[in-house]
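One structure is given below, encoded as structure tokens.
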Amino acid sequence: MGYTITRDAIRATVAEVLAEPSSAAAEPVRGAMAGSLVPHRIEGMAASVLAPDYQRIVSVLESEAGREGMRCQQLAVALGLQVVPAKVEGLRSKAKRLVERGWALQVRPGVFTALTLPAKSHATCAVPYRDSATCWS
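Going by the working numbering, the sequence shown opens with residue 301, and the numbers climb by one from there.
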């Protein structure tokens with residue numbers, strides 16, 4: 301009761317597959333999902349493309365409480381998390397990833413804020429924290 305597959309049948313199947321339009325060539329679905337990568341921010345991109353955890357962090361940093369910058373312990377409290385080293389370090393990692401990808405700023409070592417600087421910050425500062433003598437003296 302074995303099946304015999306001929307070379308012609310294989311060639312026909314391969315030809316059919318190659319003739320079909322590739323669904324992989326379609327535009328990728330953009331949506332936030334837990335564990336997803338943080339995309340590099342481009343102009344006009346909304347925070348809704350971020351995973352829910354990252355959206356919450358950005359939301360807190362954009363709030364009144366986050367305007368002057370927040371340490372990760374403060375961020376943990378604002379997010380309703382336990383202030384234990386594991387949670388704080390996890391937040392620090394996520395906050396740094398947001399900075400690297402253009403979603404947030406690190407205004408001083410360990411202090412994070414939303415992408416838009418508060419009104420009383422130095423208007424001439426083009427680079428956040430990296431040049432502290434120029435920007436945050």
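Positions of the beta carbon are idealized from the N, C-alpha and C atoms, including for glycine.
Please read these numbers as outputs of a predicted model, since none were measured by experiment.
- In the structure shown, V388 adopts helical secondary structure according to DSSP, grouped into three states.
- Residue nearest to S363 within the set D308, T306, T413 is T413 (criterion: CA-CA distance).
- Apart from the 5 residues on each side of it in sequence, G366 sits with its Cβ closer than 7 Å to the Cβ of V360, T413, A414 in its chain, given in chain order.
- Sixteen is the threshold: when 16 or more other Cβ atoms of the shown chains lie within 10 Å of the Cβ of G369, as they do, the residue is buried.
- Scanning T416, P385, V358, A351 for the CA closest to the CA of L337 turns up A351.
- Where V377 is concerned, the enclosing alpha helix (DSSP H) starts and stops at 372–378.
- Per the DSSP secondary-structure output, T413 pairs in a beta bridge with L405.
- L379 and I357 have their C-alpha atoms roughly 8 Å apart.
- Assignment of E362 by DSSP, reduced to helix, strand and coil, places it in the helix class.
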